[in-house]
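J.:
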Amino acid sequence: MEAAPRVSFGVVADIQYADEEDGCDFWGRRRRYYRHSLRLLRAAVEAWAAEQPPLAFVLQLGDCIDGVNARRGAAEGALERVLAALRRLPVPVHHAWGNHELYNFCRNRLASSGLNSRPAAAPAAGPPAGPPGDCHAYHFSPAPRLRFVLLDGYDLSVLGRDPASPLHRESLRRLREKNPNENLNSPAGLKEPQFVEFNGGFSQTQLDWFDEVLKFSDENQEKVVVTGHLPIHPDASDKVCLAWNYEDALSVIHSHQCVICFLAGHLHDGGYCLDSHGVHHLTLEGIIETPPESNAFGTIYVYDDKMVLKGRGRISDRVMYF
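First residue of the sequence shown? That's 1 in full-length UniProt numbering, and the numbers climb one at a time after it.
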């Protein structure tokens, strides 16, 4: 008989709820089920709440409401409906911030909302809970010798920041340096197609903090799962959906022994690869493009030697050994 998992948790990505009729993606090709996404989330919450033994937490991988809410002045109401559905869970929810959160709210508003899941108190030991400033990145340990790190892929971004702020200016400079298109959301003709406005990147301050966390985990023989909205490996994503400086994040991960998996959203079709250093990169299919008769969420069970994903609907089962 197999031992019980060390920890289990729920995963969901790209809910993008809006009280709107069905629409299409940015390119007008893919159907988006705005209203049904909330019903699918509620079904996921019901399934997670019934899990035995109970889950430790749920990861919401970003884009929980859609940008169309901002144009209708409906962002606050849409966010409250999503958070109300998630509050039915008897466990904590950890939230990544995606581009759609930043279409609807500035970073200061997100920091004062229910999407701010960064711990208020500093950890008793080890590196700081998160980087300095308003970066929504942090780490936590739900079980002995197991750590999760949530990264902020829009720390460098032209979304959600005051245009006069140094980070906004730096982000816009980087983006225009790589993307000469009039429409900064267009990857047409780019050598590095990830340099579009709806993506973002990791500041050096965040990367230095991340390196410090992984060094601590190496020294303490911990296994680490890293998560965030944006994928960081080109074999687990299309090139347009990667973080701007994904190679910098990969370089930090590959300079340590502790990371076993990177979980992301953003690419609604999902993706997966096992990289050259034995790290699993799993990109979750998005709820927003999931037909009403299906779903897209999962539960991950972490054992001593593997992570087992039990997927629902569009998300397939997967065993990831480490």
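Where a beta carbon is used, it is the ideal one built from N, C-alpha and C, also for glycine.
Fair warning: this is a prediction, and the values are worked out from it, not measured in the lab.
If I follow the unbroken beta strand (DSSP E) through residue 138, where does it start and stop?
T.: Here the beta strand (DSSP E) through residue 138 covers 138 to 143.
J.: Going by CA-CA distance only, name the one from 168, 282 and 17 that's closest to residue 79.
T.: For residue 79, the nearest C-alpha among the options comes from 17.
J.: May I ask you to verify whether the segment 260 to 277 touches the segment 9 to 29, counting CB pairs closer than 8 Å and requiring at least 3?
T.: In short, these stretches touch, since the Cβ pair count reaches three.
J.: Of all the CB atoms in chain B, is at least one closer than 7 Å to the CB of residue 206?
T.: No chain B is part of this structure, which consists of one protein chain only.
J.: Since residue 178 sits in a beta bridge, which residues does DSSP pair it with?
T.: DSSP lists no partner for residue 178.
J.: Rounded to the nearest angstrom, what separates residue 258 and residue 305 at their Cα positions?
T.: Their Cα atoms are separated by approximately 13 Å.
J.: Can you tell me which of the three DSSP states residue 95 falls into?
T.: Correct three-state label for residue 95: strand.
J.: Am I right that residue 131 and residue 209 are in contact with their C-beta atoms under 8 Å? What's the rounded C-beta distance?
T.: The pair is a contact, with the Cβ atoms about 4 Å apart (cut-off 8 Å).
J.: With distances taken between CB atoms, is the gap from residue 275 to residue 233 smaller than 7 Å?
T.: Yes; because the gap between Cβ atoms is below 7 Å, this pair is in contact.
J.: Report all residues from its chain with a CB closer than 6 Å to the CB of residue 285; omit the five preceding and five following residues, and keep chain order.
T.: If we look at residue 285 and ignore the five residues flanking it on each side, its Cβ neighbours are 270, 296, 314 and 315.
J.: Taking all protein chains shown into account, do 16 or more other C-beta atoms lie within 10 angstroms of the C-beta of residue 217, making it buried, or fewer, making it exposed?
T.: The residue in question, residue 217, is buried, as its Cβ has 16 or more Cβ neighbours within 10 Å.
J.: Measuring alpha carbon to alpha carbon, tell me which residue in 43, 178 and 25 is nearest residue 312.
T.: Closest by alpha carbon: 43.
J.: Using only the alpha-carbon positions, how far apart do residue 125 and residue 141 sit?
T.: Answer to the nearest angstrom: the Cα atoms are 11 Å apart.
J.: In this structure, how does DSSP classify residue 154 when only helix, strand and coil are distinguished?
T.: Residue 154 falls in the coil class under three-state DSSP.
J.: In the DSSP assignment, what are the bridge partners of residue 281?
T.: BP columns for residue 281 point to 262 and 273.
J.: Just grab the DSSP bridge partners of residue 23 for me.
T.: DSSP lists 32 as partners of residue 23.
J.: How would you label residue 183, buried or exposed, when you count the other beta carbons within 10 angstroms and need 16 or more for buried?
T.: Classification of residue 183: exposed, given that the 10 Å Cβ count is below 16.
J.: What is the DSSP secondary structure of residue 171, counted as helix, strand or coil?
T.: Three-state DSSP puts residue 171 in a helix.
J.: Using only CA atoms, which one of 66, 289 and 221 lies nearest to residue 146?
T.: Among 66, 289 and 221, the Cα nearest to that of residue 146 belongs to 221.
J.: Going by other Cβ atoms of all chains shown within 10 Å of its Cβ, with 16 needed for buried, is residue 105 buried or exposed?
T.: Residue 105 comes out buried.
J.: Would you kindly work out how many angstroms separate the C-alpha atoms of residue 169 and residue 23, rounded to a whole number?
T.: Between residue 169 and residue 23, the C-alpha separation is close to 33 Å.
J.: Buried or exposed for residue 206, going by 16 or more other Cβ atoms inside 10 Å?
T.: With 16 or more other Cβ atoms within 10 Å, it is buried.
J.: Starting from the Cα of residue 224, find the closest Cα among 307, 267 and 289 and give me that residue.
T.: Comparing Cα positions, the closest option is 307.
J.: Taking 7 Å as the cut-off, decide whether the C-beta atoms of residue 213 and residue 123 are in contact.
T.: Not a contact, by the Cβ cut-off of 7 Å.
J.: Helix, strand or coil for residue 70? Go by DSSP, reduced to three states.
T.: It is helical.
J.: Please classify residue 249 as buried or exposed, where buried requires at least 16 neighbouring CB atoms within 10 angstroms.
T.: So residue 249 ends up on the buried side.
J.: Could you tell me the boundaries of the alpha helix (DSSP H) in which residue 198 lies?
T.: Per DSSP, residue 198 belongs to no alpha helix (DSSP H) and is neither H nor E.
J.: Only counting the same chain, and skipping five residues up and downstream in sequence, which positions put a Cβ closer than 6 Å to that of residue 157?
T.: Same-chain partners within the cutoff: 171 and 200.
J.: Going by DSSP in three states, residue 17 sits in which element: helix, strand or coil?
T.: Strand.
J.: Span of the alpha helix (DSSP H) holding residue 109?
T.: Unbroken alpha helix (DSSP H) run through residue 109: 107 to 111.
J.: Pop quiz: residue 55 and residue 85 are said to be a contact at Cβ under 8 Å. What is the actual Cβ separation, rounded to whole angstroms?
T.: Between residue 85 and residue 55 the Cβ distance is about 16 Å, and since that is not below 8 Å, they are no contact.
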